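Contents: one structure, followed by commentary.
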Amino acid sequence: MSEKEVLEILGEKVALGESKTVKFNVAKLHTQNKIDVPVIIERSKNPGPTVLITAGIHGDEINGVEIVRQIIAKGINKPKKGTIICIPVINVFGFIHMDREFPDGRDLNRVFPGSKSGSLASRVAHKLMSEIVPHADLIMDFHTGGADRFNAAQIRIVKGEVVLDELANIFGPPFVFYSKNLNKSFRNTCYKRGIPMLLFEGGKSFHIDSTITNTAVNGAKRVLNHLDMLTKKFKVSKPKKPCVYISESKWIRANYSGMFKASVKLNAIVKKGDVIGHITDPYGSFNHFVKAPNDGYIFNINHSPLVYQGDAIFHISTKLEK
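One rule links them: number in this note's numbering = place in the sequence shown (from 1) + 100.
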């Protein structure tokens with residue numbers, strides 16, 4: 101077999117037309133039990149691109165894991181041509197412990213590209229970047245909002261990249277948010293190595309939302325269909341609305357501590373001065389109206405019923421791309 105016919109990954113060989121689950125050995129527990137992250141590989145008999153689909157970089161972002169689970173369970177990951185590699189839970193430690201970080205307290209998404217002899221999180225990042233990512237022609241990475249902050253379904257990419265713009269538009273989320281690549285993040289490291297990534301954000305931690313999940317799965321199908329990798333048994337729907345492209349935004353923060361309730365829905369268009377939420381006290385003596393500082397789209401809402409002064413409660417667009 102030629103080199104193109106055989107995928108050598110994590111010490112295993114996977115030929116064209118083969119399906120295989122290989123083990124991404126992360127570490128051992130204190131009891132010496134191994135912790136293995138399953139890497140699900142599906143290869144068509146027909147050569148083509150390799151797409152890597154990942155989630156669970158943060159262990160508390162369950163909705164992202166559910167999206168990849170559905171892609172696998174429905175057989176969307178069985179390509180018409182090429183190869184699809186799925187890793188539903190990268191931070192298996194955090195997933196088990198219902199924690200965002202690794203046991204060493206580090207955020208995996210801030211230690212890339214990692215180090216072979218560094219911290220536990222750094223070693224996982226290094227292994228991912230050295231043994232899995234080099235095989236990918238495209239990555240779709242699924243995330244959710246942190247804590248109680250519920251993100252509208254969105255694709256995050258850097259501005260000025262023609263390929264990413266095209267793929268984001270094909271994915272078809274309600275929002276495309278132009279954001280800078282954060283230093284030492286998975287996205288930034290892949291960007292530096294010339295591997296395009298669509299980073300999906302939607303929902304909040306410790307929560308599964310069917311609307312967010314459906315949006316993401318449909319978007320992934322559109323991208324795979326565009327690459328001629330989606331089998332004919334799957335229907336591809338058009339997005340309900342055209343993407344809104346956000347180039348600048350700001351967080352609206354609580355001016356007071358208290359009980360918080362949003363009075364607008366996610367994805368809403370608001371006008372400057374509109375009342376979008378209330379902060380009250382438990383005793384009925386205080387009611388603060390949270391007002392929109394400008395016209396824009398609300399694409400993140402804090403679902404926490406209690407907030408402290410300075411907490412981020414809304415994310416609003418301040419500039420749109422036409």
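No residue lacks a Cβ here, since even glycine has one placed at the ideal position from N, Cα and C.
Every value quoted in this text rests on a predicted model; they were computed, and no experiment measured them.
Does the distance from the CB of Lys422 to the CB of Asp328 come in under 8 Å?
In this structure, Lys422 keeps its C-beta atom at 8 Å or more from the C-beta atom of Asp328.
Under the three-state DSSP convention, the category Gln170 falls into:
Residue state, collapsed to three classes: helix.
Collapsed DSSP secondary structure at Cys186 in the structure displayed:
Of the three classes helix, strand and coil, the one that applies to Cys186 here is strand, per DSSP.
Which residue wins for smallest C-alpha separation from Leu129, given the options Glu105, Asp204, Leu299?
Comparing Cα positions, the closest option is Asp204.
What are the start and end residues of each continuous beta strand (DSSP E) run of 3 or more residues lying completely inside the region 235-260, in chain order?
Annotation: the region 235-260 contains the following complete segments of the beta strand (DSSP E) (minimum length 3 residues), in chain order: 238-245, 249-257.
Assuming Asp136 is part of the alpha helix (DSSP H), what are its boundary residues?
Taken as a continuous stretch (DSSP letters only), Asp136 belongs to no alpha helix (DSSP H), being part of the beta strand (DSSP E) at 134-143.
Measuring CA to CA, which of Val262, Val258, Phe386, Ala225 is closest to Lys284?
With distances taken between Cα atoms, Lys284 lies closest to Ala225.
How many angstroms separate the CA atom of Leu152 from the CA atom of Ile185?
Computed Cα separation, rounded: 5 Å.
Just verifying my parser: in three-state terms, what is the DSSP assignment at Thr311?
Helix.
Whole-angstrom Cβ separation of His388 and Ile401, contact assumed at under 8 Å?
The pair is not a contact, with the Cβ atoms about 17 Å apart (cut-off 8 Å).
Please list the terminal residues of the continuous alpha helix (DSSP H) segment that includes Leu228.
It spans 220-231 - the alpha helix (DSSP H) in which Leu228 sits, taken as one unbroken run.
Supposed contact pair Ser310 and Asp160 - C-beta distance, whole angstroms, cut 8 Å:
That belief does not hold up - the Cβ atoms of Asp160 and Ser310 are roughly 19 Å apart, past 8 Å.
Could you check where the beta strand (DSSP E) with His378 kicks off and where it finishes?
Annotation: the continuous beta strand (DSSP E) that includes His378 extends over 375-380.
Find the nearest neighbour of Ile172 within the set Thr121, Thr131, Asp207, Glu201, judged by alpha-carbon distance.
With respect to the C-alpha of Ile172, the residue from Thr121, Thr131, Asp207, Glu201 having the closest C-alpha is Thr121.
What three-state label does DSSP hand Gly194 in the structure shown?
The answer is helix: DSSP assigns Gly194 an H, G or I state.
Contacting residues, own chain, Cβ-Cβ under 8 Å from Val317 (five flanking each side not counted):
Cβ within range, chain order: Ile167, Gln170, Ile171, Lys174, Ile176.
Please look up how many angstroms separate the CB atoms of Phe124 and Val106, rounded, as I've assumed it's under 8 Å.
Contact between Phe124 and Val106 is absent: CB atoms are separated by about 19 Å, not below the 8 Å threshold.
Using the Cα positions of Ser102 and Val114, report the straight-line distance between them to the nearest angstrom.
Its pLDDT being 42, under 50, Ser102 is placed unreliably by the model, and the measurement read from it follows with that caveat. It is roughly 12 Å from the alpha-carbon of Ser102 to the alpha-carbon of Val114.
Among Thr244, His326, Lys340, the one whose alpha carbon lies nearest that of Val165:
Comparing Cα positions, the closest option is Thr244.
Contact set for Phe286: own chain, Cβ-Cβ below 7 Å, skip 5 residues either direction
Setting aside the 5 residues that flank it on each side, Phe286 is surrounded in the same chain by Ile157, Asn209, Phe212, Asp241, each with a C-beta closer than 7 Å to its C-beta; the list follows chain order.
Give me the Cα-Cα distance between Lys338 and Ser219, rounded to the nearest whole angstrom.
C-alpha separation (whole angstroms): 44 Å.
Would a C-beta distance cut-off of 8 Å place Val336 and Arg322 closer than the cut-off?
Contact: yes.
Below 6 Å CB to CB, which residues in the same chain sit around Glu100 once its five sequence neighbours on both sides are set aside?
Since the first residue of the chain shown is 101 and the last is 422, residue 100 is not available in this structure.
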